[in-house]
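J.: Quick one: the structure is below, and I'll ask about it shortly.
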Amino acid sequence: MRIELLLGDITDLDVDCIVNAARPSLMGGGGVDGAIHKKAGNELAEFCKSLGGCKVGEAKLSSGFNLKSKNIIHTVGPRYLFKKQKEEDDLASCYYQSLLIAKERKFYTLVFPNISTGAYGYPKDLASKIAFNTTSKFLLENDFPRKVIFCCFDTENMELYLEIFKSQLL
Ligand code: AR6
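Okay, here's the thing in structure tokens:
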């Protein structure tokens, strides 16, 4: 099985790469972004200045600095504003572009948070399906990353992903 599920804090994980649900400036913020910047240290924001920001649906790579994770992929999810198709495409693009970087870098393990489902208000059930479908299709077609972990921080997201996992086993 190349997809796993975890309930916990993404900033604690000792892996090749974690993904950050960032804002376009890449200068840090609240939620998972704030937690990552806090633990990675000020050097992360310093480095991010050189990345020139990040558009919605794009992804950019940095090292993990003081985190246990060796690398961080910063991606900017869509705000949920009821423009369904564009937002769906943008959220799928966050996962796809992050997976593409992990493939190019031959990362063994890539860990995603539940992008856009906090401050950006994306409905968690819709977001979990987009995350799972984009990732499972990518893994079928590519050898890297070898493993993807969906790191949930709240039980509601965890239960939604569990439902998807169960439906895949039928
Ligand atoms: N580990 C794993 N997941 C976490 C953690 C953590 N330490 N902390 C929160 N989450 P959000 P967004 C989950 O708001 O919706 C920021 O201010 C959280 O439970 O972090 O993409 C940025 O700077 C939720 O399920 O990201 C942007 O401005 C998920 O991470 C904006 O928020 C995403 O929630 C991005 O909003």
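The numbering of the sequence shown is the working numbering, which starts it at -18 and goes up by one. A virtual CB, placed ideally from N, CA and C, is assigned to each residue, including glycine. In this text, all values refer to a predicted model and were calculated from it rather than measured experimentally.
Taking DSSP as the reference, what is the three-state secondary structure of Val152?
T.: Any property of residue 152 remains undetermined from this structure, which presents the chain solely from -18 to 151.
J.: By the DSSP assignment, the beta strand (DSSP E) with Thr56 in it spans what residues?
T.: That run of the beta strand (DSSP E) goes Asn52 to Thr56.
J.: Between the stretch -9 to 2 and the stretch 82 to 101, can you find at least three pairs of beta-carbon atoms closer than 8 Å?
T.: Segments in contact, yes.
J.: Counting Cβ pairs closer than 8 Å, one from the stretch 32 to 40 and one from the stretch 130 to 137, do we hit at least three?
T.: No contact exists between the stretch 32 to 40 and the stretch 130 to 137.
J.: With 16 as the cutoff for other CB atoms within 10 Å, does Glu27 come out buried or exposed?
T.: Label assigned to Glu27: exposed.
J.: With distances taken between CB atoms, is the gap from Leu(-14) to Leu143 smaller than 8 Å?
T.: Contact: yes.
J.: Would you mind stating whether Leu72 and Pro126 have Cβ atoms separated by less than 8 Å?
T.: Taking 8 Å as the Cβ cut-off, Leu72 and Pro126 do not qualify as a contacting pair.
J.: Is Ser50 near the ligand AR6, with its Cβ less than 7 Å from a heavy atom?
T.: Answer for Ser50: no, Cβ out of range of the ligand AR6.
J.: Should Val37 be listed as close to the ligand AR6, given that the test is whether its C-beta is under 7 Å from any heavy atom?
T.: No; taking the cut-off as 7 Å, the Cβ of Val37 has no heavy atom of the ligand AR6 nearer than that.
J.: Taking the alpha-carbon positions, what's the Ser31 to Ser43 distance?
T.: Near 10 Å, if we compare the C-alpha coordinates of Ser43 and Ser31.
J.: Quick check on this structure: which residue in Met8, Arg4, Val13 and Ala2 has the alpha carbon closest to the alpha carbon of Gly(-11)?
T.: With distances taken between Cα atoms, Gly(-11) lies closest to Val13.
J.: When you compare each of Gln149, Met8 and Ile111 to Lys65 by their alpha carbons, which one comes out closest?
T.: The option with the nearest alpha carbon to Lys65 is Ile111.
J.: Could you tell me if Asn1 is buried or exposed, where buried requires 16 or more neighbouring beta carbons within 10 angstroms of its beta carbon?
T.: With 16 or more Cβ atoms within 10 Å of its Cβ, Asn1 is classed as buried.
J.: In whole angstroms, what is the alpha-carbon distance linking Phe146 and Cys132?
T.: Approximately 14 Å between the Cα atoms of the pair.
J.: Cβ of Asp(-7) less than 8 Å from any chain C Cβ?
T.: The structure shown contains no chain C, having only a single protein chain.
J.: Out of His18, Leu62 and Phe119, point me to the one whose CA is closest to Ser74's CA.
T.: The shortest Cα separation from Ser74 among His18, Leu62 and Phe119 belongs to Phe119.
J.: List the DSSP bridge partners of Ala40.
T.: Answer is Thr56, bridged to Ala40.
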